[in-house]
Amino acid sequence: MRCQFLWLVAMAPLLWAVAESAPDDRARPDDGLRKLEAARYGVTVRHPPGWQLTNLQRGTQVFQLGLPEDHPQEPAGNVSCEIGAAPQSLSDFQKRLTTRADGVPTDRKLVENTLLEPRLNGKRAEILEAIWMFTRPRQKVCYELQRLVISNCQLYTFTLTIDEGHFDAYRLDFARMVETAEFSPIDSGLDLVPGGYWMQRDFHFGVVLPEGWRPALGASEKTLYFATGASKQTFTENLSIMAAPRQPIPFEMLRAELPGQIIKTQPNNRVVRCEILPWGKQRMLEVVIQTPQGDVPTTTVERRIQGERMNYELRFTVRTETFNTQEKQLQTSADSFREFQPPRKSRVLSWGAMR
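Position one of the sequence shown corresponds to residue 27 (this note's numbering), numbered consecutively onward.
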């Protein structure tokens with residue numbers, strides 16, 4: 027039923043006041059590289075001028091660059107960067123990759139998984155380098171080279187995807203690009219306001235986060251609100267809040283049909299409860315789902331709320347161990363969700379103004 031939500035597609039430029047920039051054609055005279063700044067996601071790199079920008083700051087993808095084509099009939103390689111919540115450490119992530127490699131399809135093989143200590147923008151840093159080998163149609167061997175870096179509580183995954191014939195030619199340029207990376211703290215789009223609430227700056231809603239949790243990432247076209255809790259191995263507990271135009275929510279139908287739909291799509295999941303609860307003068311639907319498989323069993327607490335201005339989908343995803351011991355604290359935080367009255371002269375974005 028998540029597809030009922032009409033995500034905020036193509037509205038990103040209106041949501042952020044932070045400076046963002048496309049590639050800067052002014053290359054540094056000492057290296058001949060082109061600057062690419064993704065300010066909202068807190069990273070700047072420099073890359074060869076022949077690499078063309080194809081995507082910038084959309085969803086969890088920081089950027090994507092297309093590599094030059096030798097032949098129009100052959101798919102070109104690309105370089106990209108993704109952002110996510112940081113694991114406890116890169117060594118934990120390294121172990122997870124080794125474990126995960128045992129369960130991947132036979133045409134995809136982990137051939138390298140190494141911790142490095144190069145210099146990033148002149149400073150010593152830890153990087154995890156992983157190389158996957160796989161085949162494309164017509165039995166063409168390709169490589170996916172990943173370099174993972176933790177900075178400011180975020181995990182940045184830089185990836186080079188290229189065929190075997192061009193891998194060695196681009197590998198050094200890719201490593202050089204990663205080593206030019208400069209990182210800065212991310213503007214989460216959340217402000218701490220009286221009462222201990224972390225409020226979404228543009229749409230004026232928020233919660234009191236559980237103790238030890240913190241804002242993370244920034245607003246995207248799908249998720250306006252993101253915060254993280256404890257990290258264990260490769261999993262980071264998180265809270266996300268999505269929003270859509272206000273419209274009636276079919277609570278009774280969802281209560282009757284949603285558990286079956288969840289089990290149908292994920293047979294190993296268990297729906298602990300699915301019930302309609304009061305939310306002020308409105309109502310909400312709460313669903314608790316446990317996912318036992320994987321290295322870290324998780325529990326998701328999902329609430330669908332019909333607010334005064336918008337509809338919201340609030341989702342805590344935590345380790346099942348955390349849920350069993352801290353359910354009350356998570357519930358208190360979820361219960362604190364509220365819409366704030368925008369100041370009279372506020373620049374808060376409304377759906378009417380965006381359409």
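Idealized CB from N, CA, C, for every residue including glycine.
Note that the structure is a prediction, hence the values are computed from the model and not measured.
Endpoints, alpha helix (DSSP H) assigned at S106: Looking at the DSSP string, S106 is not in any alpha helix (DSSP H); the run it does join, the beta strand (DSSP E), is N104 to A111.
Cβ shell of A53 (< 6 angstroms), same chain only, five flanking positions each side left out: Since pLDDT at A53 reaches only 42, below the 50 mark, its modelled position is unreliable, and no value is offered.
Considering only their Cβ atoms, is the gap separating E328 from R341 smaller than 8 angstroms? yes
Please state if the CB of A207 and the CB of L142 are separated by a distance shorter than 8 angstroms. no
Going by other Cβ atoms of all chains shown within 10 Å of its Cβ, with 16 needed for buried, is R134 buried or exposed? exposed
When the Cα atoms are used, what is the spatial distance from W158 to T348? 33 angstroms
Please report the residue range of the alpha helix (DSSP H) in which Q287 lies. F277 to T291
Please state the DSSP three-state secondary structure of V344. strand
Just checking my contact of E263 with V344 at CB under 8 angstroms: how many whole Å lie between their CB atoms? 4 angstroms
Counting along the chain, where does the alpha helix (DSSP H) carrying E190 start and finish? E190 to E205
Touching or not, the region 65–78 and the region 88–95, by the rule of three or more beta carbon pairs under 8 angstroms? yes
Pull the bridge partners of E208 from the DSSP assignment, please. T70
Can you have a look at D225 and say buried or exposed, based on whether 16 or more other CB atoms are within 10 angstroms of its CB? Going by the sequence as given, residue 225 is Met instead of Asp. Buried: at least 16 other Cβ atoms inside 10 Å.
For Q357, name the three-state secondary structure that DSSP assigns. helix
Buried or exposed for M336, please, with buried defined as at least 16 other CB atoms from any protein chain shown within 10 angstroms of its CB. buried
Go ahead and pull the three-state DSSP assignment for P271. strand
DSSP three-state assignment for T260, whether helix, strand or coil: coil
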